[in-house]
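See structure below.
Residue numbers (the numbering used here): 4 to 124.
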């Protein structure tokens with residue numbers, strides 16, 4: 004019984020697959036139902052105008068993708084510059100704080116030596 008249900012499902016799946024495969028035959032811009040889709044009256048007519056329209060669309064989307072990539076690269080470059088500037092700022096703050104720590108340690112040592120010197124009197 005289970006084998007029969009599996010076989011039935013496989014037949015339904017394979018028939019859907021072959022239908023989808025038949026829909027995709029042909030090349031882009033060759034007309035409605037031939038792989039070109041129903042992208043408008045020019046593309047539905049197929050022929051040279053349909054292929055030309057498809058080529059224009061491909062060119063448009065390729066240029067759009069290039070513009071988006073260029074903007075993304077610029078944004079990335081700007082972000083890297085800002086982060087490098089922040090790193091530089093924090094490194095200078097660390098250097099300044101280390102200098103302050105050394106200064107305070109010297110002051111403490113100086114006070115300790117004065118205290119030790121006055122205790123021995």
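Every residue, glycine too, gets a C-beta built ideally from N, C-alpha and C.
Simplified DSSP assignment, three categories, for residue i
i          : result
residue 49 : coil
residue 24 : Low confidence applies to residue 24: its pLDDT is 48, below 50, so where it sits in the model is not reliable, and the reading given next is rough at best. If DSSP states are grouped into helix, strand and coil, residue 24 belongs with the helices.
Heavy atom of the ligand MN within 7 Å of residue i beta-carbon
i          : result
residue 83 : Summarising the ligand content, the structure contains no ligands, and the ligand MN is consequently not present.
Would you list, in sequence order, the uninterrupted beta strand (DSSP E) runs of no fewer than 3 residues that lie entirely inside the segment 70-123?
Entirely contained in the segment 70-123, not one beta strand (DSSP E) run reaches 3 residues.
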